Amino acid sequence: MNQNIQRLIDKALSETPLSKDDVVTLLSVPDYSEEAFAMRSAAAHGMRSRTNNAAAIFGQIGFEMHPCSANCQFCSFAADYTCLSGVKLTDEEIVAATRNFTGRGDLYGLYLMMMADYRIDEFLEKVALVKANVTGPTKIISNVGDSSVEDFRRMKEAGVDAVYHCWRLGEGEVTPFSAEERKQTMRNAKEAGLDIMDAVEPIGPEHTNEELAEHILFSIELGSIQSGCMKRTPVPGTPFADRGTITDFRLSHIVAVQALANIAARNIPILGIHEYTPMGYISGANMITAETGVNPRDTAEETSQSRGLDIPTCREFMRQCGFTKLMLGDDTLIDL
Ligand code: SF4
């Protein structure tokens, strides 16, 4: 065992913040090395011992999709690459999805997704519809485009608890958005009093350990209450369809480092992993997402009939991964 890696693992577990160099060092060892396996073990035990071995289930409702002029090169909604013509859930479908997701009282948070060019008044109408039909202490989370402090304040008044937003890898190169405008949106949400949720995404084989470290540490700096890692899905028809993917095994190493860096900073967010895989959940991840409606990693109009998971499947998957409790949106725990 490399003594420097052991020292960094011990540093993280003693809750001493890691530097960017520390995070890069942890990401740089081979994924199959003794050191990487030690990180996975320390990360999983560190997270589970701090969260009572609890998992969290999230749901996502994609309200609408239309071909998007932003043309992010990895996205199944991008106007230049999409095979979808446009979809919009009816109010009845939104009510049914809300009741279906939250009716058993076991959902931590519900992401409500609209497009980058969403209309705030329409979004708030949909939020009201969801709020009127939600059961239990589920957090309501917006997942929309770049927004102002004022619009986030309106969301908060309407009952939104948190904002999912990302400074994505390759921002400004494979997307038309600048890193600064993405980061500013996250700061705007925080200023409006909303919790931040994010992820290091979409990770491809070309991303360096330095880039991954910067994104992991930015999320920690913001104090995100939910983060995670997502590998890039090679959506057919997009420029990334044939440019390769990282393995689930590599992703489990990255999420282990992310968990250790968060433990080191005494920030214990719920950590997701896309695509969900048991090796991610024995490396520090503890969250899974059920999805309905449209999904930017999917070419099906209704993702629940394709890539999306339903709640009972999520629950059983996490039970098989050894979790014994579920966290709810008010931070209470129930048996899994
Ligand atoms: S990632 Fe978002 S902004 Fe970019 S093309 Fe897809 S829907 Fe549009």
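For this note's numbering, add 104 to where a residue sits in the sequence shown, where the first one is 1.
Using N, Cα and C, we set each Cβ at its ideal position, and we do this for glycine too.
On a predicted model such as this, the values are computed, not experimentally measured, just so you know.
_Pairwise C-alpha distance: Glu-305 and Glu-284_ = The residue you call residue 284 lines up with position 180 of the sequence shown. The residue you call residue 305 lines up with position 201 of the sequence shown. Taking the straight line joining both Cα atoms gives about 16 angstroms.
_Straight-line gap, Ser-189 to Ile-350 (C-alpha atoms, nearest Å)_ = Taking the sequence shown and counting its residues from 1, one reaches residue 189 at position 85. Taking the sequence shown and counting its residues from 1, one reaches residue 350 at position 246. Distance between the alpha carbons of Ser-189 and Ile-350: 30 angstroms.
*Determine, using beta-carbon pairs with one atom in the region 285-302 and one in the region 172-187, whether at least three such pairs fall under 8 angstroms.*
no
*Would you say the beta carbon of Cys-418 comes nearer than 8 angstroms to a heavy atom of the ligand SF4?*
Position 314 of the sequence shown, counted from the first residue, corresponds to residue 418. Checking every heavy atom of the ligand SF4 against the Cβ of Cys-418, none is found closer than 8 angstroms.
*Report, in whole angstroms, the separation of the C-beta atoms of Glu-168 and Val-191, which I expect to be a contact under 8 angstroms.*
On the sequence shown, residue 168 is found 64 positions in, with the first residue counted as 1. On the sequence shown, residue 191 is found 87 positions in, with the first residue counted as 1. Confirmed, about 7 angstroms.
*Can the beta-carbon of Leu-440 be found less than 9 angstroms from the beta-carbon of Thr-428?*
On the sequence shown, position 336 is the one that residue 440 refers to. On the sequence shown, position 324 is the one that residue 428 refers to. For Leu-440 and Thr-428, yes; Cβs fall inside 9 angstroms.
_Phe-281 in three-state terms, based on DSSP_ = As a working note, residue 281 is residue 177 in the sequence shown. Phe-281: coil per DSSP, three-state reduction.
*Only counting runs of 4 or more residues, tell me where the alpha helix (DSSP H) segments fall wholly within the region 274-346, in order along the chain.*
283-295 and 313-326
*What's the C-alpha gap between His-378 and Ala-303?*
As a first step, residue 378 must be located in the sequence shown, where it is residue number 274. As a first step, residue 303 must be located in the sequence shown, where it is residue number 199. Cα to Cα, the separation comes out at about 10 angstroms.
*Go ahead and pull the three-state DSSP assignment for Phe-167.*
Within the sequence shown, residue 167 is the residue found at index 63, counting from 1. Correct three-state label for Phe-167: coil.
*Which residues in the same chain have their Cβ closer than 6 angstroms to the Cβ of Thr-202, if we skip the five residues on either side of it in sequence?*
Here residue 202 refers to the residue found at position 98 of the sequence shown. Cβ neighbours of Thr-202 beyond the five flanking positions: Val-234, Asn-237 and Val-238.
*Kindly examine the ligand SF4 and report whether one of its heavy atoms sits closer than 8 angstroms to the Cβ of Thr-120.*
Here residue 120 refers to the residue found at position 16 of the sequence shown. It does not: the Cβ of Thr-120 is nowhere closer than 8 angstroms to a heavy atom of the ligand SF4.
_Candidates Leu-355, Met-391 and Glu-318: closest to Arg-336 by CA position_ = Residue numbering aside, residue 336 sits at position 232 when the sequence shown is read from its first letter. Ranking Leu-355, Met-391 and Glu-318 by Cα distance to Arg-336 puts Leu-355 first.
*asked:* Taking 7 angstroms as the limit between beta carbons, can you name the residues of its chain near Ser-251, skipping five residues before and five after?
replied: Position 147 of the sequence shown, counted from the first residue, corresponds to residue 251. Around Ser-251: Thr-289 and Asn-292.
*When the distance is taken between beta carbons, is Met-334 closer than 9 angstroms to Ile-374?*
Translated into the one-based positions of the sequence shown, residue 374 becomes position 270. Translated into the one-based positions of the sequence shown, residue 334 becomes position 230. No, they are not a contact pair.
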